[in-house]
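J.:
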Amino acid sequence: MASILRSPQALQLTLALIKPDAVAHPLILEAVHQQILSNKFLIIRMRELLWRKEDCQRFYREHEDSVVSASREIATFFPDFSEQRWYEEEEPQLRCGAVCYSPEGGIHYVAGTGGLGPA
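FYI, the numbering for the sequence shown is 1 to 119, going by UniProt numbering.
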């Protein structure tokens, strides 16, 4: 089922990390997922990964609360994701067009694209 999202403001990218203790419990993970959806966030990419303790420590040590930091962090988790391409091509369609949610993939996508996302 498609819904139309009409927003006069550009969408912003947000990186959400769900900690291992939540992921370990399917009911908690589903509750977190539903909370994200009920607050009308669009999930445009999803990835599960297992990090070593050293990876986590390095990530949090480098973390700063800034747009530059957010861009770097998104690139860490989604190396094939082009932020510039997203803002130029996907964001306007998601903001002003018909949007669908794929429960199987766990992401939102522009209606008519089949939920495949960008190549």
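Backbone N, C-alpha and C define an ideal beta-carbon position, used for all residues, glycine too.
Specify, as a first and last residue, the run of the alpha helix (DSSP H) that I107 falls within.
T.: In the sequence shown, the residue the question calls residue 107 occupies position 107. Segment I107 to V110 is the beta strand (DSSP E) holding I107; no alpha helix (DSSP H) there.
J.: Give me the Cα-Cα distance between E91 and K53, rounded to the nearest whole angstrom.
T.: As a first step, residue 91 is located in the sequence shown; it is residue number 91 there, counting from the start. As a first step, residue 53 is located in the sequence shown; it is residue number 53 there, counting from the start. Cα to Cα, the separation comes out at about 34 Å.
J.: Secondary structure at A70, three-state DSSP: helix, strand or coil?
T.: On the sequence shown, position 70 is the one that residue 70 refers to. A70: helix per DSSP, three-state reduction.
J.: What is the DSSP secondary structure of S38, reduced to helix, strand or coil?
T.: Mapped onto the sequence shown, residue 38 falls at position 38. Three-state DSSP puts S38 in a helix.
J.: For L17, which option in A10, R85, R45 and L94 has the closest C-alpha, if you only look at C-alpha atoms?
T.: One-based indexing of the sequence shown puts residue 17 at position 17. The candidate whose alpha carbon is nearest that of L17 is R45.
J.: Could you check the C-alpha separation between P8 and K40 for me, to the nearest Å?
T.: Residue mapping note: residue 8 aligns to position 8 of the sequence shown, counting from 1. Residue mapping note: residue 40 aligns to position 40 of the sequence shown, counting from 1. Approximately 15 Å between the Cα atoms of the pair.
J.: State the beta-bridge partners of S102 as determined by DSSP.
T.: For the purposes of this step, residue 102 is taken as residue 102 along the sequence shown, with counting starting at 1. According to DSSP, which records beta bridges pairwise, S102 is partnered with I107.
J.: Would you call H25 buried or exposed, if buried means 16 or more other Cβ atoms sit within 10 Å of its Cβ?
T.: Translated into positions along the sequence shown, residue 25 becomes position 25. Exposed is the call here.
J.: Quick check: the Cα distance between G97 and T76, rounded to an integer number of angstroms?
T.: Numbered from its first residue, the sequence shown carries residue 97 at position 97. Numbered from its first residue, the sequence shown carries residue 76 at position 76. Taking the straight line from one Cα to the other gives about 29 Å.
J.: Check this for me: beta carbons of I107 and I43, under 8 Å apart or not?
T.: On the sequence shown, position 107 is the one that residue 107 refers to. On the sequence shown, position 43 is the one that residue 43 refers to. Yes, the pair counts as a contact, with Cβ atoms nearer than the cut-off.
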